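In our numbering, the protein residues as written are 475 to 605.
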């Protein structure tokens with residue numbers, strides 16, 4: 475395996491992750507998450523867990539659709555930073571909801587399948603929408 479992580483490999487991993495979240499496939503999701511995965515908030519403070527992911531995992535929240543806006547990538551050796559606006563269409567205890575955010579992801583090369591895993595996730599407020 476090359477020491478350099480290719481952005482196309484990350485794009486494929488992200489597509490598998492989004493599909494697995496929509497189809498509620500926890501094993502496929504977990505295969506793409508690093509055992510050392512850490513989450514941060516918009517202030518850079520480490521979070522113990524994501525309420526959204528916990529609700530999804532407990533089947534209290536269903537992700538109906540994921541709308542991704544244009545993403546930007548920065549590749550640096552064995553890691554790729556991906557950032558972009560996302561809109562999650564959720565169905566759960568409180569009915570249908572739309573959750574807009576800017577999501578920063580750090581993907582890192584790994585030795586096991588699938589060869590790449592999500593190392594870090596930071597949820598930021600979405601940019602104001604233009605009218």
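Glycine residues also receive a C-beta, built at the ideal position from the N, C-alpha and C atoms.
On a predicted model such as this, the values are computed, not experimentally measured, just so you know.
Three-state secondary structure (DSSP) of residue 500: helix
Proximal residues to residue 548 (C-beta, below 6 Å), its chain only, five neighbours per side dropped: 555
Return the first residue and the last residue of the beta strand (DSSP E) that residue 589 is part of. Taken as a continuous stretch (DSSP letters only), residue 589 belongs to no beta strand (DSSP E), as it is neither H nor E.
Select from 553, 564, 516 the residue whose C-alpha is nearest the C-alpha of residue 538. 564
Residue of 518, 516, 489 minimising C-alpha distance to residue 506: 489
Could you tell me whether the Cβ atoms of residue 437 and residue 516 are closer together than 7 Å? Given that the chain is displayed from residue 475 to residue 605, the structure contains no residue 437 and the question cannot be resolved.
Looking at the unbroken beta strand (DSSP E) that takes in residue 518, where does it start and where does it end? Looking at the DSSP string, residue 518 is not in any beta strand (DSSP E), and its letter there is neither H nor E.
From residue 480 to residue 583, what does the alpha carbon distance come to, in whole angstroms? 9 Å
Tell me the rounded alpha-carbon separation between residue 572 and residue 579. 20 Å
Is residue 557 closer than 7 Å to residue 541 when the C-beta atoms are compared? no
Identity of the residue in 602, 596, 561 nearest residue 518 by Cα: 596
Do residue 575 and residue 601 have their C-beta atoms closer together than 7 Å? no
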